[in-house]
Amino acid sequence: MVSQMNIFCGGLVAVLSLLADSVVRFTVAPECEIAPCTSLLPTSRMDITLPPPGASTDVWVRRRMLYIMRGATRYRLTHAVLPNDTRLPGTNHVVHRDRRITVMCRPRPECLPQSQPGDGSYSYGRLS
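Just so you know, the sequence shown maps onto residues -20 to -1, 1 to 108 in mature numbering (1 follows the signal peptide of the UniProt record, and there is no 0).
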């Protein structure tokens, strides 16, 4: 599972799934993994009531589908692409996943300073 509590991207993640269908599992994160609601993370919406930690739902993501994670789905849920030939819950449909390409778009976080004034870019640091 991928926790959504990093500071290296803003409060929205857009995911475009290309080439193949897949199944994505969204799971309610434990309290210890939830980012605190601060002025820098105003969209985490701690006032929304979710099922208990560990509760999950599987979503069929069809090829060429765009989905967006923001607010509670961005900061309070984890997500994972399930293995090939996953059966959709409540159905007999098995999702066979061929080669897949996913494009993820993330805005610059408001809490990170720009590299140089006015250039609109930022840096994660040096690669080693």
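Yeah, the Cβ is synthetic: ideal placement off N, Cα and C, and Gly gets one too.
Cβ-Cβ separation, residue j to residue i (assumed contact under 8 Å), whole Å
| i | j | result |
| --- | --- | --- |
| Pro69 | Gly(-11) | Not confirmed; about 32 Å, so no contact. |
| Ser(-4) | Thr66 | Not confirmed; about 14 Å, so no contact. |
Proximity winner among the options, relative to residue i (alpha-carbon distances)
| i | options | result |
| --- | --- | --- |
| Arg79 | Val61, Arg5, Glu11, Glu13 | Val61 |
| Met10 | Asp1, Thr71, Leu57, Ala(-1) | Going by the sequence as given, residue 10 is Pro instead of Met. The shortest C-alpha separation from Pro10 is found at Leu57. |
| Arg42 | Gly51, Ser2, Tyr55 | Ser2 |
| Arg44 | Ala(-7), Ala(-1), Val(-8) | Ala(-1) |
| His76 | Val(-8), Pro63, Asp38, Ile48 | Pro63 |
| Thr59 | Leu(-3), Asp65, Arg50 | According to the sequence shown, residue 59 is His rather than Thr. Considering only alpha carbons, the answer is Arg50. |
| Pro33 | Ile48, Trp40, Leu46, Ile14 | Ile14 |
| Trp40 | Arg54, Thr82, Val74 | Val74 |
Strand pairing of residue i, partner residues [DSSP]
| i | result |
| --- | --- |
| Leu68 | Per DSSP, none; premise fails for Leu68. |
| Ile81 | Leu(-3) |
| Arg5 | Asp38, Ala60 |
| Arg50 | Leu(-9) |
Straight-line Cα distance separating residue j from residue i
| i | j | result |
| --- | --- | --- |
| Thr7 | Pro31 | 10 Å |
| Cys12 | Thr29 | 16 Å |
| Ala52 | Arg5 | 15 Å |
| Val(-8) | Asn72 | 31 Å |
| Asp38 | Ile48 | 15 Å |
| Arg54 | Leu46 | 15 Å |
| Met84 | Val(-6) | 5 Å |
Distance cut-off 6 Å: residue i Cβ against heavy atoms of the ligand MG
| i | result |
| --- | --- |
| Met45 | Annotation note on the ligand MG: not contained in the displayed structure, which lists no ligands. |
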